[in-house]
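For the sequence shown, our numbering gives the first residue as 1, with consecutive numbering after it. Backbone N, C-alpha and C fix where the C-beta goes; we use that ideal spot for every residue, glycine too. Bear in mind the structure is a predicted one, so any value in this text is a computation, not a measurement. Here's the structure, in structure tokens; my notes come after.
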Amino acid sequence: MKTSFLLPVDCQFHLTPSITSAYFGNCIIVYKADAMTKGILGEDGVVSAVQTMNDASREMDNPEDVLRGARSLASLFKSGKSSTKPKIRFGFAGSNRFEEYGTDFGWGRPKKAEMIRSYREGIYCMISSINGYGGVQVGLVLEKGKMEAFVSEFAKEQLTPIYDRKVIEDPAQLEATYLDVLLKDGVPNSRSLKLMEVAPAPPG
1 MKTSFLLPVD CQFHLTPSIT SAYFGNCIIV YKADAMTKGI LGEDGVVSAV QTMNDASREM
61 DNPEDVLRGA RSLASLFKSG KSSTKPKIRF GFAGSNRFEE YGTDFGWGRP KKAEMIRSYR
121 EGIYCMISSI NGYGGVQVGL VLEKGKMEAF VSEFAKEQLT PIYDRKVIED PAQLEATYLD
181 VLLKDGVPNS RSLKLMEVAP APPG
């Protein structure tokens with residue numbers, strides 16, 4: 001069985017010549033990294049996953065390869081949804097560089113920013129931390145049973161999670177949890193992870 005990681009990438013400044021910063025359109029393409037699930041679940045699983053994603057991201061180093069396969073993206077997603085082959089998919093949405101907590105439209109800065117459009121299992125959302133200091137707020141959605149297993153990992157590391165989880169979709173029984181990850185020199189410290197309040201159910 002394979003695990004696929006889908007990573008949205010802004011190609012605006014990876015093209016030659018690069019697109020002007022005044023461009024207001026969409027220049028996002030999705031990169032897909034595949035790895036054997038067995039390897040990811042092994043002792044060196046994190047290393048294996050990072051290496052796989054790193055190999056996929058290196059394609060951006062060559063301007064000629066940045067948009068390679070862009071025309072087949074629609075068929076890729078269509079075939080992925082209809083495929084009968086067992087596969088686990090994960091993907092990221094958002095970026096910690098958008099500085100949502102620094103946005104002020106005249107009535108003050110936001111106290112909580114969330115990405116409710118990412119309420120689907122296997123999709124992580126990432127925005128800048130409300131505490132700043134280079135942190136990242138990561139949203140995670142899992143089935144109830146899987147979320148229980150996820151939370152238990154914090155207990156093993158003697159971390160006391162602060163959480164208020166709620167079911168956000170029925171009958172799938174999905175739950176959303178936010179983590180605040182403090183980055184030090186660009187590397188997340190596992191002991192700085194703290195389960196934050198659960199994202200509210202999307203309207204409607």
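Check                                                                                                                             : Outcome
Same chain only: Cβ atoms within 6 Å of residue 11, ignoring 5 sequence neighbours per side                                       : 27, 29, 66
Range covered by the alpha helix (DSSP H) that runs through residue 48                                                            : 45–57
Under 8 Å between C-beta atoms of residue 33 and residue 52                                                                       : yes
With 16 other Cβ atoms within 10 Å as the buried cut-off, status of residue 99                                                    : exposed
Integer Cβ distance of residue 93 from residue 8, believed to fall under 8 Å                                                      : 7 Å
Chain-order list of residues whose beta-carbon lies under 6 Å from that of residue 145 (same chain, five-residue window excluded) : none
When 45, 3, 95, 108 are compared against residue 126, the one with the closest alpha-carbon                                       : 95
Alpha-carbon spacing of residue 14 relative to residue 59, whole angstroms                                                        : 10 Å
First through last residue of the alpha helix (DSSP H) which encompasses residue 38                                               : 37–40
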